[in-house]
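K.L.:
Here the UniProt record's numbering is used: position 112 in the sequence shown is 112, and no number is missing along the way.
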Amino acid sequence: MKAKFLIPLVLFVALVVFLAIGLNRDPHEVPSPLINKAAPAFEVPQLAEPNKTFSPESMKGQVWVLNVWASWCVACREEHPVLVELAKSQIAPVIGLDYKDKREDALAMLAKQGNPYVLSAFDGNGRVGIDYGVYGVPETYIIDKAGVIRFKHIGPLTMNLLNEKIYPKLSELKR
């Protein structure tokens with residue numbers, strides 16, 4: 001008879017423990033299987049100059065930031081001033097990846113809000129985003145000199161995150 005009540009109690013306690021663990025995790029720090037692995041290769045047209053292409057291979061030897069964004073993304077507009085600050089710091093080149101967007105809408109947004117990117121690659125069909133495991137925009141990656149992903153952040157960048165994680169990580173990798 002006791003076992004009949006003990007099993008649901010044990011299951012309830014286990015559920016509460018898992019819930020408590022889950023509630024204490026930062027939802028922006030979703031573990032990525034790409035961390036410490038080579039950034040997926042791709043070659044796509046540039047946003048502003050569709051006759052030119054961009055490939056991560058062209059960034060080998062540099063520490064750089066890849067920011068996945070879209071003009072339709074409200075959170076991307078929220079993080080835009082932070083990206084402008086990151087670009088002004090000139091600590092590392094910031095490359096945009098315009099994700100599942102309309103080229104004219106993306107260009108209009110950058111013209112209106114300022115362009116923090118050295119260049120933006122155009123991922124109109126989202127194929128590159130799939131290879132990078134994009135959950136949703138915005139997402140930001142730091143890629144080292146060897147082309148290895150060393151950091152991933154899901155969601156909009158903030159000045160706090162820039163100062164506490166992004167700048168220190170970029171400085172560390174540039175040494």
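Glycine included, C-beta positions come from ideal geometry on N, C-alpha and C.
Please classify Asn36: is it buried, with 16 or more other beta-carbons within 10 angstroms of its beta-carbon, or exposed?
P.N.:
exposed
K.L.:
If you pair each beta-carbon of the region 62 to 82 with each one of the region 92 to 106, do three or more pairs fall below 8 Å?
P.N.:
yes
K.L.:
Please report the distance separating the alpha-carbon of His153 from that of Ala41.
P.N.:
19 Å
K.L.:
For Ser120, which residues does DSSP report across the bridge?
P.N.:
Ser120 pairs with Gly96.
K.L.:
When you compare only the Cα positions, how much space is there between Ser55 and Leu9?
P.N.:
55 Å
K.L.:
Does the contact criterion of 3 or more C-beta pairs under 8 Å hold for the region 72 to 90 versus the region 105 to 120?
P.N.:
yes
K.L.:
How far does the beta strand (DSSP E) with Arg150 in it reach, from first residue to last?
P.N.:
Looking at the DSSP string, the run of the beta strand (DSSP E) that includes Arg150 is Ile149 to Ile154.
K.L.:
For Glu139, is the classification buried or exposed, using 16 other Cβ atoms within 10 angstroms of its Cβ as the cut-off for buried?
P.N.:
buried
K.L.:
Is it buried or exposed for Leu157, if we count other Cβ within 10 angstroms and need 16 for buried?
P.N.:
buried
K.L.:
Where does residue 192 fall in DSSP's three states?
P.N.:
Because the chain spans 1 through 175 in this model, residue 192 falls outside it and cannot be assessed.
K.L.:
Let me confirm a value: Leu66 is counted as buried when at least 16 other C-beta atoms fall within 10 Å, else exposed. Which label applies?
P.N.:
Classification for Leu66: buried.
K.L.:
For Ile91, name the three-state secondary structure that DSSP assigns.
P.N.:
Under the three-state reduction of DSSP, Ile91 is assigned to coil, being neither helix nor strand.
K.L.:
Let me check understanding here. Comparing Cα to Cα, which of Tyr141, Ala146, Gly61 and Glu78 lies closest to Lys165?
P.N.:
Tyr141
K.L.:
Can you list, in chain order, the residues of its chain whose CB lies under 6 Å from that of Leu161, leaving out five sequence neighbours each side?
P.N.:
none
K.L.:
Going straight from the alpha carbon of Ser32 to that of Val148, what length do you get?
P.N.:
Approximately 13 Å, taken between the alpha carbons.
K.L.:
At the level of alpha carbons, what is the spacing between Leu170 and Val13?
P.N.:
CA-to-CA, the gap between Leu170 and Val13 works out to about 42 Å.
K.L.:
Helix or strand or just coil, what does DSSP make of Asn67?
P.N.:
strand
K.L.:
Under three-state DSSP, which class holds residue 187?
P.N.:
Since the first residue of the chain shown is 1 and the last is 175, residue 187 is not available in this structure.
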